[in-house]
Structure formats: C-alpha cells, structure tokens
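Q: Below you will find the structure I want to go over with you.
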Amino acid sequence: MRVTQIEEISRSRVRVWLEEEFAFVLYKGELRSFHIREGEEIEQECFDSIMKEILPKRAKLRAMNLLKSREYTVRQLEDKLKAGGYPEKIIEEALEYVAGYHYTDDLRYAVGFIRSHADSRSHRRIEQDLLRRGIHRDTLEKAWAAWEEEGGDQDEGKMIQTLLEKKGFDPQTADRKERQKMYGFLMRKGFSGDSVRRAVLGSCFDWQE
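Structural data, given as structure tokens:
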C-alpha cells in the first residue's frame, strides 16, 4: 500500500492516508520508526504491527483513561475514539474490551442518570437527553422500570411548582406576557402541555388572545 498523504495535526501526531483513504493517526516518532514516508510503500509487516499491536493497545488505554474520570455510554465512548482518529475496527475492539470488564453498561448509565435528574428534569427531557447520548429506547424503558422498582417516582406538578416559586411567578397576578414567557420556559423543560397549562394558566385559557 502506498502512503498518499501525511498530515500534521499537532507537534507530535500526524494523520496517515493509504491509497487516498485515511488510515490512522501515529506519533511522529512511530512514523520514523516504521520509515513511513509520503509517496512510498508501507511494508506489510509495519502495517500489521500498527493495526494489530500499537493501535489496539492505545485505543484500549484511551478508553480506560476516559472511563476513569466519568461514566460514558457506549456511543459517547465510540465518538471519543472516532475523534481520536482510530479506525473503526480498532474502536470495535476497544469497546468490546471495556464492555468485557463491565466498564461500560448503558442500562447502568441510564438508571444512574434518571436517579440523578428525576427531581429536576421532566420525564420527556430525561429521555431526550439519554437518547442524544446514544441510549436505545428499549434500554431506556428498562431503565425507567428499574428506577421505579427502586421506589423512584416523579411528580410533574410538584416539580413545576418548585420552578415557578424559584422564578417568583404567581399565576394569580401574572399578566399575559409573563404567562407566555413562563409557558415557553416550562415547555422547553419538557413538561407536558396539560401540566404546564394547569400550573401557569389556570382557568385563563384566553391568554393568547
């Protein structure tokens, strides 16, 4: 395979293209050790060493180091490794490695996220946040069930009332503009329209007129 491009991305690292396709990221010292030069062929032995020894080990260490500081969903970890320039095959190997030690567990992550935010975020907002993090819907359903088995419960009305009090909002004295503003604020928080209307508008359903 011919090295068609070498692009410097930092003082120590470069991107390497083989046959016009991005292949991997290496340190400059490795580039010299393997005698990789733009426009020249890369020896099969060197390529195999990079793909089977150097990059797998580096990707696993990178994944482990990321997980030391916080928990990630599988997709979040995958995105981090992609951003690091690791080939897809190497990423899959690293993800399988950390999953084998139960360092990643999307169900555990989702239950923990729900537990941490159930008192401050609506059911819909929590689901949106977890879906963006790569949690699948079936895992999400299991997570809610597990949380409820722990005794978890959400009271949207109470949560909305707490937010209204923090905002100093009184539905009895608020004018139309204030109601509209608070209505939009709570809807963006993910609360259901019925719950928001009851709390903010009360019997004043002509607020938009």
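Using the working numbering, you'd call the opening residue of the sequence shown number 11 and step up by one each time.
For glycine and all other residues, C-beta sits at the position ideal for the given N, C-alpha and C.
Under 8 Å, Cβ to Cβ, is there at least one residue of chain B near tyrosine 113?
A: Note that chain B does not occur in the displayed structure, where there is just one protein chain.
Q: Would aspartate 282 be called buried (16 or more neighbouring beta carbons within 10 Å of its own) or exposed?
A: Limits of the chain in this structure are 11 at one end and 219 at the other, which puts residue 282 out of reach.
Q: Go ahead and pull the three-state DSSP assignment for threonine 272.
A: Only positions 11 to 219 of the chain appear in this structure, which leaves residue 272 out of reach.
Q: Is the Cβ-Cβ distance between isoleucine 60 and phenylalanine 32 less than 8 Å?
A: Taking the first residue of the sequence shown as 1, we reach residue 60 at position 50. Taking the first residue of the sequence shown as 1, we reach residue 32 at position 22. In this structure, phenylalanine 32 does not lie closer than 8 Å to isoleucine 60 by Cβ.
Q: Would you mind reading off the limits of the beta strand (DSSP E) that contains tyrosine 37?
A: Here residue 37 corresponds to residue number 27 of the sequence shown, with the count starting at 1. Segment 31-37, the beta strand (DSSP E) holding tyrosine 37.
Q: Can you check which of these residues, Lys62, Arg68, Gln86, Met11, is closest to glycine 49 by C-alpha distance?
A: To locate residue 49, count along the sequence shown from 1; it is residue 39. Measuring from the Cα of glycine 49, the nearest candidate turns out to be Met11.
Q: Which residues in the same chain have their Cβ closer than 7 Å to the Cβ of arginine 72, if we skip the five residues on either side of it in sequence?
A: Along the sequence shown, read from residue 1 onward, the residue named residue 72 stands at position 62. Contacts found: Leu91, Gly94.
Q: Whole angstroms are fine: how far does the CA of arginine 135 sit from the CA of alanine 153?
A: To locate residue 153, count along the sequence shown from 1; it is residue 143. To locate residue 135, count along the sequence shown from 1; it is residue 125. So the two alpha carbons sit approximately 15 Å from each other.
Q: How many Å lie between lysine 191 and alanine 184 at the Cα?
A: Translated into positions along the sequence shown, residue 191 becomes position 181. Translated into positions along the sequence shown, residue 184 becomes position 174. One C-alpha to the other measures close to 10 Å.
Q: Using beta-carbon positions only, say whether tyrosine 96 and leucine 65 come within less than 8 Å of one another.
A: As a first step, residue 96 is located in the sequence shown; it is residue number 86 there, counting from the start. As a first step, residue 65 is located in the sequence shown; it is residue number 55 there, counting from the start. Yes, these two residues count as a Cβ contact at 8 Å.
Q: Please state the DSSP three-state secondary structure of phenylalanine 215.
A: In the sequence shown, counting from the first residue as 1, residue 215 sits at position 205. Note that phenylalanine 215 scores a pLDDT of 46, beneath 50, so its modelled location is shaky and nothing firm can be said.
Q: DSSP puts leucine 150 in a beta bridge; with which residues?
A: Taking the first residue of the sequence shown as 1, we reach residue 150 at position 140. Note: leucine 150 sits in no beta bridge, so no partner.
Q: Start and end of the beta strand (DSSP E) containing arginine 23?
A: In the sequence shown, residue 23 corresponds to position 13, counting from 1. Here the beta strand (DSSP E) through arginine 23 covers 23-28.
Q: In this structure, how does DSSP classify glutamate 48 when only helix, strand and coil are distinguished?
A: Counted from its first residue, the sequence shown places residue 48 at position 38. Here glutamate 48 sits in coil by DSSP.
Q: Contact check, arginine 131 vs glutamine 86 under 8 Å by CB: the rounded distance?
A: Reading the sequence shown from its first residue, position 121 is the one you call residue 131. Reading the sequence shown from its first residue, position 76 is the one you call residue 86. Actually they are not in contact, since the Cβ atoms of arginine 131 and glutamine 86 sit about 18 Å apart, beyond 8 Å.
Q: Could you please give the first and the last residue of the uninterrupted alpha helix (DSSP H) stretch that includes glutamate 102?
A: Taking the first residue of the sequence shown as position 1, residue 102 is located at position 92. Start and end: 98-110.
Q: Taking the alpha carbon of lysine 176 as the point to measure from, which residue in Trp157, Leu196, Glu160, Asp163 has its own alpha carbon closest?
A: As a working note, residue 176 is residue 166 in the sequence shown. With distances taken between Cα atoms, lysine 176 lies closest to Leu196.
Q: Could you pull out every residue in the same chain whose Cβ sits closer than 6 Å to the Cβ of tyrosine 37, ignoring the five residues on either side in sequence?
A: The sequence position of residue 37 within the sequence shown is 27, counting from 1. So the list reads Ser22, Arg23, once near-sequence residues are dropped.
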